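Colleague:
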Amino acid sequence: MSSTAWPDDAFANPVIAGFHPDPSVCRVGDDYYLACSSFEYFPGVPVFHSRDLVHWEQIGNALDRPSQLVLPATMPSSAGVYAPTLRHHDGRFWLITTNVGIGNLIVTATDPAGPWSEPTPLPDVAGIDPDLVWDEQGRCFCTTAGVSQVELDPVSGKVIGEPRRLWSGTPGAQAPEAPHLYRIGDYWYLMIAEGGTERGHAVSIARGLSPEGPFEPCPANPILTHRGTHRPIQNTGHADLVEGPDGSWWLVLLGVRPGGGTPGWHVLGRETFLAPVTWVDGWPVVGEVAPRMTAPGWAPAPVPTPPTRDDFDAGVLHPRWLSIRSRPSAYTSLDEGRLTLRARGDSLDHPEVMFVGRRQQHSSCTARTLIDPADGRGGLAVRLDEAHHYEVEVGDGQVSVIARIGSVRSAVATRTVPSGPVTLRVDTQPTGSADWSPCNGPDVLRLGFENIAGGFEVLAELDGRYLSTEVAGGFTGRVIGMYAAAGTVRFDWFDYSPITDPVEPTA
Numbered sequence: 025m026s027s028t029a030w031p032d033d034a035f036a037n038p039v040i041a042g043f044h045p046d047p048s049v050c051r052v053g054d055d056y057y058l059a060c061s062s063f064e065y066f067p068g069v070p071v072f073h074s075r076d077l078v079h080w081e082q083i084g085n086a087l088d089r090p091s092q093l094v095l096p097a098t099m100p101s102s103a104g105v106y107a108p109t110l111r112h113h114d115g116r117f118w119l120i121t122t123n124v125g126i127g128n129l130i131v132t133a134t135d136p137a138g139p140w141s142e143p144t145p146l147p148d149v150a151g152i153d154p155d156l157v158w159d160e161q162g163r164c165f166c167t168t169a170g171v172s173q174v175e176l177d178p179v180s181g182k183v184i185g186e187p188r189r190l191w192s193g194t195p196g197a198q199a200p201e202a203p204h205l206y207r208i209g210d211y212w213y214l215m216i217a218e219g220g221t222e223r224g225h226a227v228s229i230a231r232g233l234s235p236e237g238p239f240e241p242c243p244a245n246p247i248l249t250h251r252g253t254h255r256p257i258q259n260t261g262h263a264d265l266v267e268g269p270d271g272s273w274w275l276v277l278l279g280v281r282p283g284g285g286t287p288g289w290h291v292l293g294r295e296t297f298l299a300p301v302t303w304v305d306g307w308p309v310v311g312e313v314a315p316r317m318t319a320p321g322w323a324p325a326p327v328p329t330p331p332t333r334d335d336f337d338a339g340v341l342h343p344r345w346l347s348i349r350s351r352p353s354a355y356t357s358l359d360e361g362r363l364t365l366r367a368r369g370d371s372l373d374h375p376e377v378m379f380v381g382r383r384q385q386h387s388s389c390t391a392r393t394l395i396d397p398a399d400g401r402g403g404l405a406v407r408l409d410e411a412h413h414y415e416v417e418v419g420d421g422q423v424s425v426i427a428r429i430g431s432v433r434s435a436v437a438t439r440t441v442p443s444g445p446v447t448l449r450v451d452t453q454p455t456g457s458a459d460w461s462p463c464n465g466p467d468v469l470r471l472g473f474e475n476i477a478g479g480f481e482v483l484a485e486l487d488g489r490y491l492s493t494e495v496a497g498g499f500t501g502r503v504i505g506m507y508a509a510a511g512t513v514r515f516d517w518f519d520y521s522p523i524t525d526p527v528e529p530t531a
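Just so we're on the same page, this note's numbering is the position in the sequence shown counted from 1, plus 24.
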């Protein structure tokens, strides 16, 4: 995250770069808190803090204990934890979300950094993308994709009465989802996403005099969409409103940044963007969502820049580190300044492979790690899902680059290396405009190792389109990290360094 003030009264979008979709935000005093979806990764639901809506720092994860989050090995990638809503009410933070295949749940906390409570299950609340809101009488309403609503006791998880349909958005538009209800002035506003979370994504809104409706659609719907445009930010939608301390209004939303030729491939996942909102005749009007934006009108509050290198000296992993579905202590440990991973599956194709990684947040970056494979085999991987990943792996005196693309898995290069620790490396670089072609992929990944003189021995250059959502499907983005494929492997450090982006993200 950036530690500098905004130049020329501007900031860079996205405000939280990389795979951070479905943002939900609330303000408490001068502080903002934001939560995102996490899908098949553990821990679940990253939680961020900001003082200015632009500079964000991850302070924890709402679902960070096995007792809170069960993600079975049989659960497919891009299932898991969907679309939280984060709210502050009656002195507590409330977070409601969906664990797909298991159901909706609520957790609460007095400190959003945690600890969060054990989940309260909601067996009678159907649907995904749940929202929570309280009216003036203290009644709590839960609204889900569809758009369906039920009154709820959020403490016990019991519903009160029967579900009712509220509004289905624009006639003919698919996937009315991501509902959020707000009391603003004399009206209750119901904002939804529609059109699907791909290129047709949009935000629409309606209003009524009661949280139970009926709702009148905005005549200018959709109030936000980038469909059918050449704008560099696409798939805009799944938004949440928040009011600033000066009375201004802002929208956090997801979007993607496609690259390459046609049809365009996004590789970082759906990211969190920020846009200004004004009110005209009682309706919100969303300003431009662009890579460079005019900053809010109050003082910027930069956060410390995270170190590029983790030496694993802290005794615990930072909240940004992710594992696939679970992180059993029997297979992961920190000791003597090293991260030790013990194999659970024989490759990244395995749904329970022991993997510890972080989201790729820059289109150009270098990831490096020093691995000791003396007692096993493992490496450095760029993962989208079980069927789409590249890795550089070391074991038995050899370094190999492996590519898994759909049903095909291949060792594309192998080199013999001396025994002992090896520095593995992956570079990503977008395709340039000089040799532009409509068939170009979004970027190139170079995988290899560093020789004794520190030079980068590139074993393979691979097309990045095969690690994109447009090829693989699903809802996630790239995660770069370390894994164990056999025995026990130890990592002395991991370094993730951005190179440059055309517009450098602030997170």
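Ideal Cβ positions, reconstructed from N, Cα and C, are used throughout, including at glycine.
If you're wondering where the values come from, they're calculated on a predicted model, not measured in any experiment.
#1: Residue 519 bridges to which residues according to DSSP?
#2: Please list the segments of the beta strand (DSSP E) lying wholly inside the region 349-382, counting only runs of 3 or more residues, in order along the chain.
#3: On the criterion of 16 or more Cβ atoms from any shown chain inside 10 Å, does residue 312 qualify as buried, or is it exposed?
#4: Who are residue 155's beta bridge partners in DSSP?
#5: Taking the CB atoms as reference points, tell me whether residue 493 and residue 290 lie closer together than 8 Å.
#6: In angstroms with no decimal places, state the Cα-to-Cα distance between residue 221 and residue 261.
#7: With distances taken from CA atoms, which of 411, 434 and 438 is nearest residue 422?
#8: For the beta strand (DSSP E) that residue 132 lies in, which residues bound it at each end?
#9: From this set, 334, 187, 278 and 218, which residue's C-alpha is nearest residue 61's C-alpha?
#10: Since residue 496 is in the alpha helix (DSSP H), which residue starts that stretch and which ends it?
#11: Could you work out which residue in 136, 363, 77 and 149 is closest to residue 122 when comparing CA atoms only?
#12: Assuming residue 131 and residue 145 make a contact with CB atoms under 8 Å, what is their CB distance in whole Å?
#13: Between which two residues does the beta strand (DSSP E) containing residue 260 stretch?
#14: Hey, residue 41 and residue 83: beta-carbon distance below 8 Å or not?
#15: Helix, strand or coil: which one does DSSP assign to residue 512?
#16: For the beta strand (DSSP E) containing residue 460, name the first residue and the last one.
#17: I'd like to check one pair, residue 67 with residue 87: are the Cβ atoms closer than 8 Å?
#18: With a 10 Å radius around its C-beta and 16 neighbouring C-beta atoms as the bar for buried, classify residue 34 as buried or exposed.
#19: Reducing DSSP to helix, strand and coil, say where residue 148 ends up.
#20: Go through the region 403-467 residue by residue and report every complete run of the beta strand (DSSP E) that reaches 3 residues or more, in order.
#21: Assuming residue 172 and residue 187 form a contact by the criterion Cβ under 8 Å, report the distance between their Cβ atoms to the nearest whole angstrom.
#22: Is it the case that the Cβ atoms of residue 47 and residue 58 are separated by a distance below 8 Å?
#23: When you compare the region 436-452 with the region 245-263, are there three or more beta-carbon pairs, one atom per stretch, that lie closer than 8 Å?
#24: At the level of alpha carbons, what is the spacing between residue 521 and residue 232?
#25: How far does the beta strand (DSSP E) with residue 106 in it extend, from its first residue to its last?
#26: Is residue 155 closer than 8 Å to residue 205 when the C-beta atoms are compared?
#27: Residues in its own chain within less than 6 Å of residue 343 by CB, not counting five upstream and five downstream?
#28: Reducing DSSP to helix, strand and coil, say where residue 489 ends up.
#29: Under the three-state reduction of DSSP, which class applies to residue 55: helix, strand or coil?
#30: Less than 8 Å between the C-beta atoms of residue 113 and residue 52, yes or no?
#31: I'd like the list of long-range same chain contacts for residue 537, defined as Cβ closer than 6 Å, with 5 residues on each side in sequence excluded.
#32: Please state whether the Cβ-Cβ distance between residue 381 and residue 523 is less than 8 Å.
#33: How big is the Cα-Cα spacing for residue 403 and residue 264?
#34: Identify the continuous beta strand (DSSP E) that holds residue 120 and give its terminal residues.
#35: Determine which residues share a DSSP beta bridge with residue 50 and list them.
#36: Return the chain-ordered list of same chain residues with a C-beta closer than 6 Å to the C-beta of residue 201, the five sequence neighbours on each side being excluded.
Modeller: With the given structure in hand:
#1: Beta-bridge partners assigned by DSSP to residue 519: 333 and 392.
#2: The DSSP assignment places 356-359 and 362-366 as complete runs of the beta strand (DSSP E) inside the region 349-382, in order along the chain (cut-off: 3 residues).
#3: The residue is exposed, with fewer than 16 neighbouring Cβ atoms inside 10 Å.
#4: Residue pairing from DSSP places residue 155 in a beta bridge opposite 167.
#5: It is a contact, given that the beta carbons lie within the stated cut-off.
#6: Going from the Cα of residue 221 to the Cα of residue 261 covers about 7 Å.
#7: When each option's Cα is compared against that of residue 422, the closest is 438.
#8: Looking at the DSSP string, the run of the beta strand (DSSP E) that includes residue 132 is 127-133.
#9: Nearest C-alpha to residue 61: 278.
#10: Here the alpha helix (DSSP H) through residue 496 covers 493-496.
#11: Closest by C-alpha distance to residue 122, out of 136, 363, 77 and 149, is 149.
#12: 11 Å between Cβ atoms; not a contact.
#13: Note, residue 260: beta strand (DSSP E), 258-267.
#14: Their beta carbons are not under 8 Å apart, which means residue 41 does not touch residue 83 by this criterion.
#15: Residue 512 falls in the strand class under three-state DSSP.
#16: Segment: none, residue 460 is in no beta strand (DSSP E) and carries neither H nor E.
#17: Closer than 8 Å, so yes.
#18: In summary, residue 34 is exposed, with fewer than 16 beta-carbon neighbours lying within 10 Å of its beta-carbon over all protein chains present.
#19: Coil at residue 148, not helix or strand.
#20: As far as the region 403-467 is concerned, its whole beta strand (DSSP E) runs of at least 3 residues are 412-419, 422-429, 432-440 and 446-454.
#21: That belief holds up - the Cβ atoms of residue 172 and residue 187 are roughly 5 Å apart, short of 8 Å.
#22: Between residue 47 and residue 58, the C-beta gap is smaller than 8 Å, which places the two residues in contact.
#23: Taking 8 Å as the limit for Cβ pairs, the verdict is that the region 245-263 does not touch the region 436-452.
#24: Rounded to whole angstroms, the gap between the alpha carbons of residue 521 and residue 232 is 49 Å.
#25: First-last of the beta strand (DSSP E) with residue 106: 105-113.
#26: One thing to note: residue 205 has its Cβ within 8 Å of the Cβ of residue 155.
#27: Within the same chain, residue 343 has close Cβ partners 82, 84 and 85.
#28: Three-state DSSP puts residue 489 in a helix.
#29: Of the three classes helix, strand and coil, the one that applies to residue 55 here is strand, per DSSP.
#30: Cβ atoms of residue 113 and residue 52: not closer than 8 Å.
#31: Since the displayed the chain opens at 25 and closes at 531, residue 537 lies outside it and no answer follows.
#32: Contact annotation: residue 381 and residue 523 have beta-carbon atoms that are not nearer than 8 Å.
#33: Answer to the nearest angstrom: the Cα atoms are 39 Å apart.
#34: Residue 120: member of the beta strand (DSSP E) spanning 116-123, first to last residue.
#35: In the DSSP output, where bridge partners are listed per residue, residue 50 has 57.
#36: Here the set comprises 153, 169 and 217.
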